[in-house]
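Novice:
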Amino acid sequence: MLLQRDPGKWKPFAGGTDLMVLLESGKLPHHNYVDIWNLSELRGVNISDSQVTLGALTTYTEVQSHDVLRREFPMLCQAASETGGLAIQNRGTLGGNIVNASPAADSPPALLAYNAELELRSQTGARWVPYYMFHTGYKEMDLRPNELLTKIRLPRTDQEIHHYYRKVGTRKAQAISKVCFAATARLSRNGLADVRLAFGSVAPIPLRCVKTEDTLRGRQIDQSTIDEAIAELRREIKPIDDIRSTQNYRLRVSQNLLVDFLLSLKQSSTASGSELVTS
Ligand SMILES: Cc1cc2nc3c(=O)[nH]c(=O)nc-3n(C[C@H](O)[C@H](O)[C@H](O)COP(=O)(O)OP(=O)(O)OC[C@H]3O[C@@H](n4cnc5c(N)ncnc54)[C@H](O)[C@@H]3O)c2cc1C
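All the letters of the sequence shown, read from the start, carry residue numbers 42 to 320 under the working numbering.
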């Protein structure tokens, strides 16, 4: 109601794990926050035949402990387990991670690769947007001042999919990503299908690499496919030098991760000897 009455005056305060750091350092960009932690409508994981719907306040700990998420969306669980330490995982929320809009955040690549959709709700109604269209520029997004992010929806599939998630940081734990990569695909006689590639820390936004996906779709995995995909990826991502890494390092690691993903998919396909491949 406050968001509706004075659009732009009030901002949501969820787990506070991003906001408290800004408050402590005197860099909080806003003065008025409304605590949404106790809104039960924003909690819970709902399962239907075709999709899994998570409340925006779902914490990293809740993600990791959910059986269906562990089985069908392992990259999201891995991202959750590699986010901060236990205290952050108990308090930090998926909704906060998305709206904080850091290009280096760890759950967005997994959500992009799983083709997530977001429910944005105001007092006048709700709308769904595909997540890959939500981030429009550095810390800019398709979210109106009177709207809350309320739900995150993940489509389920009965196809056996290869999942590949890597967070590359300075340390194994408690590190901010230099590069983060999440990918899904399956390989059949007709070539690659359900290819989705998403990176963190290589652009001003968490990036779904749709052009690189296009070069892969319907192809078998051989050297010319790999070379074309790498060339397209180098055009599609725009990493920068910053305090954590360099443009060159990020470019090199991104292409290495893409190659490793494709080779691991091919290998598991050969090992299973079947038309469809699982991780
Ligand atoms: C020590 C430490 C380690 C961390 N490690 C990692 C890490 O490894 N990987 C990583 O990705 N992040 C990391 N983070 C960042 C942070 O924990 C996550 O981004 C977390 O998911 C934020 O969620 P929150 O609920 O705490 O958001 P908050 O701090 O409450 O809010 C963040 C932003 O989102 C907005 N917001 C929150 N919920 C909503 C909603 N439902 N609708 C609309 N707007 C909303 C708020 O207004 C604010 O602008 C770390 C933070 C700390 C302090």
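Ideal placement from N, C-alpha and C gives every residue a C-beta, glycine not left out.
Can you give me the start and stop residues for the alpha helix (DSSP H) that Lys252 sits inside?
Specialist: Note, Lys252: alpha helix (DSSP H), Val251 to Leu257.
Novice: Kindly examine ligand 1 and report whether one of its heavy atoms sits closer than 7 Å to the Cβ of Phe69.
Specialist: Note that residue 69 is Leu in the sequence shown, not Phe. It does not: the Cβ of Leu69 is nowhere closer than 7 Å to a heavy atom of ligand 1.
Novice: What does the alpha-carbon distance come out to for the pair Ala167 and Leu184?
Specialist: Taking the straight line joining both Cα atoms gives about 12 Å.
Novice: Can you tell me which of the three DSSP states Leu64 falls into?
Specialist: Three-state DSSP puts Leu64 in a helix.
Novice: By the three-class DSSP mapping on this structure, what secondary structure does Lys219 have?
Specialist: Coil, per DSSP.
Novice: Is DSSP giving Ser229 helix, strand or coil here?
Specialist: Ser229: strand per DSSP, three-state reduction.
Novice: Short of 6 Å in beta carbon distance, which residues of its chain neighbour Thr256, apart from the five on each side in sequence? Order them along the chain.
Specialist: Around Thr256: Glu269, Ala270 and Glu273.
Novice: Can the beta-carbon of Ser163 be found less than 8 Å from the beta-carbon of Leu44?
Specialist: Yes; because the gap between Cβ atoms is below 8 Å, this pair is in contact.
Novice: Specify the secondary structure class of Lys52 as computed by DSSP and reduced to three states.
Specialist: It is a strand residue.
Novice: Are the CB atoms of Ile217 and Arg275 within a distance shorter than 8 Å?
Specialist: No, the pair does not count as a contact, with Cβ atoms beyond the cut-off.
Novice: So what does Tyr206 bridge to, in DSSP terms?
Specialist: For Tyr206, which the question treats as bridged, DSSP gives the partners Ala223.
Novice: Among the residues of its own chain, which have a CB less than 8 Å from the CB of Pro48, if the five just before and after it don't count?
Specialist: For Pro48, where only same-chain residues beyond five positions count, the Cβ hits under 8 Å are Arg185, Pro186 and Asn187.
Novice: Between the Cα of Ser122 and the Cα atoms of Ala223, Val104, His203 and Pro280, which residue gives the shortest distance?
Specialist: Per the Cα distances, Val104.
Novice: Just to confirm my understanding: we take Lys252, look at its own chain, exclude 5 residues before and 5 after, and list those with CB closer than 6 Å. What are they?
Specialist: Within the same chain, Lys252 has close Cβ partners Glu273 and Glu277.
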